[in-house]
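Shown next, in structure tokens, is the structure this report addresses.
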Amino acid sequence: EPEVTQTPSHQVTQMGQEVILRCVPISNHLYFYWYRQILGQKVEFLVSFYNNEISEKSEIFDDQFSVERPDGSNFTLKIRSTKLEDSAMYFCASSAFKVGNEQFFGPGTRLTVL
Amino acid sequence: GQNIDQPTEMTATEGAIVQINCTYQTSGFNGLFWYQQHAGEAPTFLSYNVLDGLEEKGRFSSFLSRSKGYSYLLLKELQMKDSASYLCARIGAAGSYQLTFGKGTKLSVIP
Numbered sequence: 006e007p008e009v010t011q012t013p014s015h016q017v018t019q020m021g022q023e024v025i026l027r028c029v030p031i032s033n034h035l036y037f038y039w040y041r042q043i044l045g046q047k048v049e050f051l052v053s054f055y056n057n058e059i060s061e062k063s064e065i066f067d068d069q070f071s072v073e074r075p076d077g078s079n080f081t082l083k084i085r086s087t088k089l090e091d092s093a094m095y096f097c098a099s100s101a102f103k104v105g106n107e108q109f110f111g112p113g114t115r116l117t118v119l
Numbered sequence: 515g516q517n518i519d520q521p522t523e524m525t526a527t528e529g530a531i532v533q534i535n536c537t538y539q540t541s542g543f544n545g546l547f548w549y550q551q552h553a554g555e556a557p558t559f560l561s562y563n564v565l566d567g568l569e570e571k572g573r574f575s576s577f578l579s580r581s582k583g584y585s586y587l588l589l590k591e592l593q594m595k596d597s598a599s600y601l602c603a604r605i606g607a608a609g610s611y612q613l614t615f616g617k618g619t620k621l622s623v624i625p
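Going down the list, the protein sequences come from chains R and Y. Numbering (this note's numbering) for the first sequence: 6 to 119. Numbering (this note's numbering) for the second sequence: 515 to 625.
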């Protein structure tokens with residue numbers, strides 16, 4: 006069964022450093038998402054991406070964040086200058102359609118900012 | 515806002531039936547999802563409701579009342595592996611892609 010994959014599974018970084026989280030969505034999906042979940046809290050939407058551009062973003066997704074689809078398979082989330090409060094599990098998701106679409110989540114990258 | 519409310523924790527016995535309720539703000543509603551999340555893992559899709567009524571899928575069923583801003587997830591014949599968090603999530607206005615999640619209901623299934 007096709008699945009969303011993410012690397013790395015765990016990333017530790019120093020405050021102020023840049024990190025890039027990588028995702029490979031399901032191959033025939035057209036819509037891509039990033040969510041985050043701070044430990045013990047709810048899953049929060051960051052950004053959605055379709056047709057090589059951002060479709061929607063939340064208040065969390067400020068200028069420190071960016072997304073890119075550098076090739077036909079990868080979808081990346083970059084945090085330019087990490088802060089302590091960026092420590093969270095970051096989930097990538099993809100879906101085939103927009104309306105009523107099931108979003109398939111990847112296993113997540115646990116980001117720890119020291 | 516798109517506040518979503520669901521109980522924080524529930525406990526049920528193996529083999530029993532449990533109903534997990536979810537209420538949400540009705541403005542701009544465009545669909546209601548239920549996801550299961552085991553500790554430390556990704557959410558996995560359980561159900562999607564956009565019209566009123568009950569959707570049944572094996573041991574799991576989900577109900578929606580749009581006028582009341584209310585949904586529930588019904589789990590039958592509970593198994594120990596059903597111990598997990600159950601996340602209620604809504605899609606916002608037409609054209610929106612984002613899922614807005616509730617805080618989740620942590621279900622503990624006991625023998």
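Virtual Cβ for every residue (Gly too), placed ideally from N, Cα, C. This one's a predicted model, so the numbers in the text were calculated from it and none came from an experiment.
Going by alpha carbons, who is nearest to residue i out of the options?
i, options, result
"Y/I531", "Y/L588, Y/Y538, Y/G567", "Y/L588"
"Y/C536", "Y/F577, Y/A598, Y/I605", "Y/F577"
"R/T12", "R/P30, R/Q19, R/E90", "R/P30"
"Y/R573", "Y/G583, Y/F559, Y/L601, Y/E591", "Y/E591"
"Y/N517", "Y/M594, Y/D566, Y/T540", "Y/T540"
"Y/S561", "Y/G554, Y/E569, Y/E555", "Y/E569"
"Y/Q593", "Y/P521, Y/A526, Y/S585, Y/D519", "Y/A526"
"R/F66", "R/A101, R/F80, R/L51, R/R115", "R/L51"
"Y/Y538", "Y/G609, Y/L613, Y/R604", "Y/R604"
"Y/T614", "R/T81, R/Q69, R/K62, R/E49", "R/E49"
"Y/G606", "Y/Q533, Y/P521, Y/F547, Y/M524", "Y/F547"
"R/F96", "R/P112, R/N106, R/E6", "R/P112"
"Y/S597", "Y/E555, Y/N563, Y/S581", "Y/E555"
"R/T10", "R/F109, R/T117, R/L119, R/V118", "R/F109"
"R/Y40", "R/D91, R/V118, R/F102", "R/D91"
"R/F70", "R/E8, R/G21, R/E6, R/P7", "R/G21"
"Y/K595", "Y/Y611, Y/Y586, Y/A553", "Y/A553"
"R/V24", "R/K83, R/N33, R/N79", "R/K83"
What separation, rounded to the nearest whole angstrom, lies between the Cα atoms of residue i and residue j?
i, j, result
"R/I43", "R/A93", "4 Å"
"R/E64", "Y/S622", "34 Å"
"R/L26", "Y/E528", "39 Å"
"Y/Q550", "Y/T619", "10 Å"
"R/S100", "Y/Y584", "25 Å"
"R/S53", "R/L35", "11 Å"
"R/S14", "R/R115", "6 Å"
"R/Q46", "Y/K617", "6 Å"
"Y/F543", "Y/E523", "25 Å"
"R/D76", "Y/P521", "42 Å"
"R/S60", "Y/I624", "43 Å"
"Y/P557", "Y/Y600", "9 Å"
"R/E107", "Y/N563", "11 Å"
"Y/S579", "R/T18", "45 Å"
"R/K88", "R/V118", "7 Å"
"Y/S610", "R/R74", "21 Å"
Please report the residue range of the beta strand (DSSP E) in which residue i lies.
i, result
"Y/Q631", "Given that chain Y is displayed from residue 515 to residue 625, the structure contains no residue 631 of chain Y and the question cannot be resolved."
"R/V17", "15-18"
"R/F80", "80-84"
"R/V29", "24-29"
"R/T87", "It is not in any beta strand (DSSP E) - R/T87 carries neither H nor E in the DSSP assignment."
"R/Y38", "36-42"
"R/V48", "48-55"
Please name the residue or residues paired with residue i in a DSSP beta bridge.
i, result
"Y/D519", "Y/T537"
"Y/N563", "Y/L546"
"Y/Y600", "Y/Q550, Y/T619"
"R/F70", "R/I84"
"Y/S575", "Y/E570, Y/L588"
"R/R11", "Per the sequence shown, the amino acid found at residue 11 of chain R is Gln instead of Arg. Its beta-bridge partners are R/C28."
"Y/S581", "None; Y/S581 has no bridge partner."
Review point. Which residues, in order along the region 35-51 of chain R, keep a beta-carbon less than 8 Å from a beta-carbon of chain Y?
Key: Y36, Y38, Y40, Q46, K47, V48, E49, F50
Review point. If contact means a Cβ-Cβ distance below 9 Å, which residues of the region 562-579 of chain Y contact chain R?
Key: Y562, V564
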